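Have a look at the structure below before the remarks.
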Amino acid sequence: MVTVADFFCGAGGFSEGFHQSGFDVVFALDNWKLATETHDINHPTCKSITMDILKIKTIEEIDNIIPDTDIIVGSPPCVSFSNSNKSGKADKTLGVELIEQFLKIILHKKTKPNSKLKYWIMENVPNSLKYVKDVYSAEELGLDKNLPNLEVNNKEVLIASNYGSPQGRRRAICGDYILPEITHNENNFVHIDVILNALGTPSNKKTLIQDPCWELSLTSEDLTDHYYDTELPKEIYSKARKLKVDHGYMGKMDFPDRTNRLCRTIMATESYCSRESIIFPKENTNDKYRAPTIRELSCLMGFPIDYQFEGGSSTNKHKQIGNAVCVHLSKALADAIKKDMDIELNKNERQIVKCKTNLNELKEPLFMKKISIKPRKMNSKFHSHVPEMKINQLRVELDNVESDFDNVQFLWKSSLHKGSGKNAIKINLTNDKLEPLLKKHKSFKEINKFVKEHINKKNINNSLIFQQKNCNVEVKEKHYSPTEILELISERIKKLNLDDEYVENVDLDNLLNYKKPNTYSYKILYSLYLVNKVADLLE
Ligand SMILES: C[S@@+](CC[C@H](N)C(=O)[O-])C[C@H]1O[C@@H](n2cnc3c(N)ncnc32)[C@H](O)[C@@H]1O
Numbered sequence: 115m116v117t118v119a120d121f122f123c124g125a126g127g128f129s130e131g132f133h134q135s136g137f138d139v140v141f142a143l144d145n146w147k148l149a150t151e152t153h154d155i156n157h158p159t160c161k162s163i164t165m166d167i168l169k170i171k172t173i174e175e176i177d178n179i180i181p182d183t184d185i186i187v188g189s190p191p192c193v194s195f196s197n198s199n200k201s202g203k204a205d206k207t208l209g210v211e212l213i214e215q216f217l218k219i220i221l222h223k224k225t226k227p228n229s230k231l232k233y234w235i236m237e238n239v240p241n242s243l244k245y246v247k248d249v250y251s252a253e254e255l256g257l258d259k260n261l262p263n264l265e266v267n268n269k270e271v272l273i274a275s276n277y278g279s280p281q282g283r284r285r286a287i288c289g290d291y292i293l294p295e296i297t298h299n300e301n302n303f304v305h306i307d308v309i310l311n312a313l314g315t316p317s318n319k320k321t322l323i324q325d326p327c328w329e330l331s332l333t334s335e336d337l338t339d340h341y342y343d344t345e346l347p348k349e350i351y352s353k354a355r356k357l358k359v360d361h362g363y364m365g366k367m368d369f370p371d372r373t374n375r376l377c378r379t380i381m382a383t384e385s386y387c388s389r390e391s392i393i394f395p396k397e398n399t400n401d402k403y404r405a406p407t408i409r410e411l412s413c414l415m416g417f418p419i420d421y422q423f424e425g426g427s428s429t430n431k432h433k434q435i436g437n438a439v440c441v442h443l444s445k446a447l448a449d450a451i452k453k454d455m456d457i458e459l460n461k462n463e464r465q466i467v468k469c470k471t472n473l474n475e476l477k478e479p480l481f482m483k484k485i486s487i488k489p490r491k492m493n494s495k496f497h498s499h500v501p502e503m504k505i506n507q508l509r510v511e512l513d514n515v516e517s518d519f520d521n522v523q524f525l526w527k528s529s530l531h532k533g534s535g536k537n538a539i540k541i542n543l544t545n546d547k548l549e550p551l552l553k554k555h556k557s558f559k560e561i562n563k564f565v566k567e568h569i570n571k572k573n574i575n576n577s578l579i580f581q582q583k584n585c586n587v588e589v590k591e592k593h594y595s596p597t598e599i600l601e602l603i604s605e606r607i608k609k610l611n612l613d614d615e616y617v618e619n620v621d622l623d624n625l626l627n628y629k630k631p632n633t634y635s636y637k638i639l640y641s642l643y644l645v646n647k648v649a650d651l652l653e
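First residue of the sequence shown: 115, per this note's numbering; consecutive thereafter.
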């Protein structure tokens with residue numbers, strides 16, 4: 115029996131890979147009760163404890179609580195290191211403290227008399243590598259200074275899909291372990307559709323489900339968390355669609371997700387209105403979309419189809435899955451250690467106890483009830499471009515960012531943007547300068563008719579109400595919201611069929627720093643003309 119202890123065990127992705135390889139996971143720790151409950155039902159022979167790892171202070175406490183094992187694995191929480199948290203600028207103090215506490219336990223177990231610890235592995239997001247040193251002295255880890263240092267022999271970023279995972283998740287893997295050999299590349303990657311096809315559509319039960327990754331089959335009666343409706347309301351998916359295909363300055367992404375490719379990284383938050391969201395077309399419909407089921411996400415993370423998630427809600431189950439180490443990556447690390455130890459191990463079969471809340475029992479579509487358009491704080495910033503009008507790097511934006519929010523004074527501005535990042539240019543160009551360019555154009559009259567009908571004091575007359583509409587505050591007056599008027603402008607301009615209509619203009623070339631003469635789409639010029647009209651009304 116070769117034993118493993120798993121710290122920050124979560125639902126048990128790391129444990130599961132070692133279990134699949136034949137190791138005995140005998141100890142697991144996490145401070146989230148739901149996670150240890152999940153770990154318990156899937157790893158019934160393992161002793162798990164629910165506690166804050168930072169409460170383990172002395173070496174006596176370490177030895178009282180944690181058994182000696184051959185291997186220690188752990189994935190300290192990545193929130194403070196993750197790029198998605200405050201663009202990677204979140205406070206790292208707690209994250210570093212948790213890593214060092216984990217390393218303290220490792221150094222103690224490694225240096226105690228008759229130690230049996232042979233390998234250790236720490237998993238985290240790639241960004242965490244900056245905060246993991248090559249060597250730690252015993253003293254800085256809070257141990258007797260006469261003990262040897264802890265050396266972090268390996269520090270690698272590994273990609274789960276290179277080990278058979280359907281997910282291209284990149285993770286920093288540090289410690290004292292054997293680097294596994296890559297088994298998968300673009301010629302044999304496991305794509306999303308392998309998982310979706312194996313499970314079958316949620317609305318149509320297959321009789322027998324063969325696990326897409328592991329040797330295991332289940333009847334549909336035993337497959338939990340898959341047969342329920344995950345259709346997304348338009349309010350949610352259209353936000354994701356805009357961010358993915360029509361982001362102001364970021365690149366275009368698939369909407370819905372293509373399934374003949376690797377799965378993007380599954381996040382811990384159950385959100386379907388962001389660029390990170392994974393969204394599929396809803397089967398047997400024309401223009402409806404759905405979220406992956408918990409079972410699909412779990413398989414995309416590499417868990418076997420009988421793995422159960424406690425937690426009561428889809429959100430809690432989702433979080434456990436999004437937090438996990440990809441099982442294929444964990445198994446590859448375990449297999450490499452097994453080979454290095456030159457041992458044969460046999461996987462213990464386990465009898466799974468089903469989770470208490472099975473989402474198959476949901477009667478209503480899961481997300482339909484979640485659309486409550488809640489009012490936001492009145493200091494909410496707005497900056498958005500005219501939808502689907504990004505042409506040759508140019509877009510027209512409406513924003514309120516220069517408002518005096520503390521004194522409830524809202525300033526709405528229009529601007530023309532070129533590009534993004536360091537070389538981005540933003541200019542304001544008033545309509546008296548634009549008009550000479552547009553006056554003779556065939557659509558100018560029609561555009562002004564639109565102005566009369568929509569961009570007038572009746573529909574847009576007050577910067578406060580405009581902000582209230584932006585913040586979803588209910589108002590008595592009929593008044594467009596910033597998003598509504600931008601959408602209306604976009605729709606109107608699209609109808610003018612201006613696809614091939616461009617004009618040259620030296621003044622704009624100079625303002626936008628074009629070295630050679632450039633041509634400007636009338637769609638962009640009319641967008642600016644109309645957004646200027648909106649901003650002028652709100653002055
Ligand atoms: C990245 S997740 C672990 C995922 C897990 N290894 C898996 O493969 O499923 C990090 C875990 O650390 C736990 N955690 C956070 N702070 C903790 C603390 N102070 N003590 C113990 N566990 C903690 C969280 O509850 C979470 O489950």
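Note that the Cβ used here is the ideal one computed from N, Cα and C, for glycine as well. The model shown is predicted, which means the values in this text are computed figures rather than measured ones.
**Report entry** First and last residue of the uninterrupted alpha helix (DSSP H) at Lys-431
**Finding:** As a position in the sequence shown, residue 431 is number 317, starting the count at 1. Unbroken alpha helix (DSSP H) run through Lys-431: 428-437.
Query - Of the listed residues Tyr-403, Asp-343, Thr-383, nearest to Pro-370 (C-alpha basis) - result: Residue mapping note: residue 370 aligns to position 256 of the sequence shown, counting from 1. Of the candidates Tyr-403, Asp-343, Thr-383, the one whose C-alpha sits nearest the C-alpha of Pro-370 is Tyr-403.
**Report entry** Residue burial classification, Thr-159 (beta-carbon count within 10 angstroms, cutoff 16)
**Finding:** The residue given as residue 159 occupies position 45 in the sequence shown. Answer is exposed; the Cβ neighbour count stays below 16.
**Report entry** Segment limits, beta strand (DSSP E) that includes Val-271
**Finding:** As a position in the sequence shown, residue 271 is number 157, starting the count at 1. Taken as a continuous stretch (DSSP letters only), the beta strand (DSSP E) holding Val-271 covers 268-273.
**Report entry** Contacts around Gln-422, its chain only, beta-carbon distance under 8 Å, and the 5 residues preceding and following it disregarded
**Finding:** Working through the sequence shown from its first residue, we reach residue 422 at position 308. If we look at Gln-422 and ignore the five residues flanking it on each side, its Cβ neighbours are Thr-152, Ile-155, Asn-156, Thr-338, Ile-466, Val-467, Lys-468, Cys-469.
Requested in this report: Would you identify the three-state DSSP class for Lys-532, choosing helix, strand or coil?
Outcome: To locate residue 532, count along the sequence shown from 1; it is residue 418. If DSSP states are grouped into helix, strand and coil, Lys-532 belongs with the strands.
Report task. Can you grab the Cα-Cα spacing for the pair Cys-585 / Arg-378, in whole Å? Result -> Counting from one through the sequence shown, the residue named residue 585 turns up at place 471. Counting from one through the sequence shown, the residue named residue 378 turns up at place 264. The alpha-carbon atoms of Cys-585 and Arg-378 are separated by roughly 31 Å.
Query - Chain-ordered residues, beta carbon under 5 Å from a heavy atom of ligand 1 - result: Phe-122, Gly-124, Ala-125, Gly-127, Phe-128, Asp-144, Asn-145, Trp-146, Ala-149, Asp-166, Ile-167, Ser-189, Pro-191, Asn-437, Ala-438, Val-439
Query raised in the report: Just how far apart, CA to CA, sit Lys-629 and Val-266?
Result: To locate residue 629, count along the sequence shown from 1; it is residue 515. To locate residue 266, count along the sequence shown from 1; it is residue 152. Each residue's alpha carbon lies about 52 Å from the other.
Query - Pick from Lys-232, Phe-216, Lys-223, Glu-549 that is closest to Val-246, judged by C-alpha positions - result: For the purposes of this step, residue 246 is taken as residue 132 along the sequence shown, with counting starting at 1. Ranking Lys-232, Phe-216, Lys-223, Glu-549 by Cα distance to Val-246 puts Phe-216 first.
Query - Beta-carbon contacts of Thr-373 that lie in its chain and below 8 Å, excluding the five residues immediately before and after - result: Walking along the sequence shown from the start, residue 373 turns up at place 259. Same-chain partners within the cutoff: His-305, Ile-306, Asp-307, Leu-310, Phe-394.
Query raised in the report: Below 8 Å, can you find three or more Cβ-Cβ pairs linking the stretch 164-176 to the stretch 445-464?
Result: no
Query raised in the report: Under three-state DSSP, which class holds Gln-324?
Result: The residue given as residue 324 occupies position 210 in the sequence shown. Of the three classes helix, strand and coil, the one that applies to Gln-324 here is strand, per DSSP.
Query raised in the report: Can you list, in chain order, the stretches of the beta strand (DSSP E) that have 3 or more residues and sit fully within the stretch 271-314?
Result: 284-290
Query - C-beta atoms of Gly-209 and Ser-189 nearer than 8 Å - result: Working through the sequence shown from its first residue, we reach residue 209 at position 95. Working through the sequence shown from its first residue, we reach residue 189 at position 75. No, they are not a contact pair.
**Report entry** Residues that Gln-523 bridges to, as DSSP identifies them
**Finding:** Residue mapping note: residue 523 aligns to position 409 of the sequence shown, counting from 1. The partner list for Gln-523 (beta bridge, DSSP) reads Asp-518.
Query raised in the report: In or out: Gly-126 buried (at least 16 other Cβ within 10 Å) or exposed?
Result: Start at 1 with the first residue of the sequence shown, and residue 126 comes out as number 12. Burial call: buried.
Query - Alpha-carbon spacing of Ser-388 relative to Asp-368, whole angstroms - result: Taking the sequence shown and counting its residues from 1, the one referred to as residue 388 is at position 274. Taking the sequence shown and counting its residues from 1, the one referred to as residue 368 is at position 254. For Ser-388 and Asp-368, the distance between alpha carbons rounds to 12 Å.
Query raised in the report: Between Thr-183 and the rest of its own chain, which residues show a CB-CB distance below 8 Å, the 5 nearest in sequence each way excluded?
Result: Walking along the sequence shown from the start, residue 183 turns up at place 69. So the qualifying residues of the chain are Thr-117, Val-118, Ala-119, Val-140, Phe-141, Lys-223, Lys-230, Leu-231.
Query raised in the report: What three-state label does DSSP hand Thr-152 in the structure shown?
Result: Against the sequence shown, residue 152 aligns to sequence position 38. The answer is helix: DSSP assigns Thr-152 an H, G or I state.
Query raised in the report: How far does the alpha helix (DSSP H) with Phe-580 in it reach, from first residue to last?
Result: Within the sequence shown, residue 580 is the residue found at index 466, counting from 1. From DSSP, the alpha helix (DSSP H) with Phe-580 extends over 577-584.
**Report entry** Those runs of the alpha helix (DSSP H) which lie wholly inside the stretch 594-646 and span at least 4 residues
**Finding:** 596-609, 620-625
Query raised in the report: Hey, how far is the Cα of Ser-517 from the Cα of Leu-414?
Result: To locate residue 517, count along the sequence shown from 1; it is residue 403. To locate residue 414, count along the sequence shown from 1; it is residue 300. The straight-line gap from Cα to Cα measures roughly 45 Å.
Query raised in the report: What is the C-beta distance between Pro-596 and Lys-583, in whole angstroms, given that I count them as a contact (C-beta under 8 Å)?
Result: Looking up residue 596 in the sequence shown gives position 482. Looking up residue 583 in the sequence shown gives position 469. The pair is a contact, with the Cβ atoms about 7 Å apart (cut-off 8 Å).
Query - Span separating the alpha-carbon of Arg-409 from that of Leu-600 - result: Counted from its first residue, the sequence shown places residue 409 at position 295. Counted from its first residue, the sequence shown places residue 600 at position 486. So the two alpha carbons sit approximately 39 Å from each other.
Query raised in the report: Taking just the CA atoms, how far does Ile-380 sit from Leu-602?
Result: Position 488 of the sequence shown, counted from the start, is the residue given in the question as residue 602. Position 266 of the sequence shown, counted from the start, is the residue given in the question as residue 380. Computed Cα separation, rounded: 35 Å.
Query - Own chain partners of Asn-260 with C-beta closer than 8 Å, once the 5 adjacent residues on each side are dropped - result: The residue you call residue 260 lines up with position 146 of the sequence shown. For Asn-260, where only same-chain residues beyond five positions count, the Cβ hits under 8 Å are Ala-252.
Query raised in the report: Near Arg-606, which residues of its chain fall below 7 Å by C-beta distance, leaving aside the five closest residues on each side in sequence?
Result: Residue mapping note: residue 606 aligns to position 492 of the sequence shown, counting from 1. Cβ within range, chain order: Phe-564.
Query raised in the report: Counting only runs that start and end within the stretch 164-199, where is the beta strand (DSSP E) found for 3 or more residues in a row?
Result: 185-188
Query - Inter-residue Cα distance where the pair is Ser-334 and Leu-293 - result: In the sequence shown, residue 334 corresponds to position 220, counting from 1. In the sequence shown, residue 293 corresponds to position 179, counting from 1. So the two alpha carbons sit approximately 38 Å from each other.
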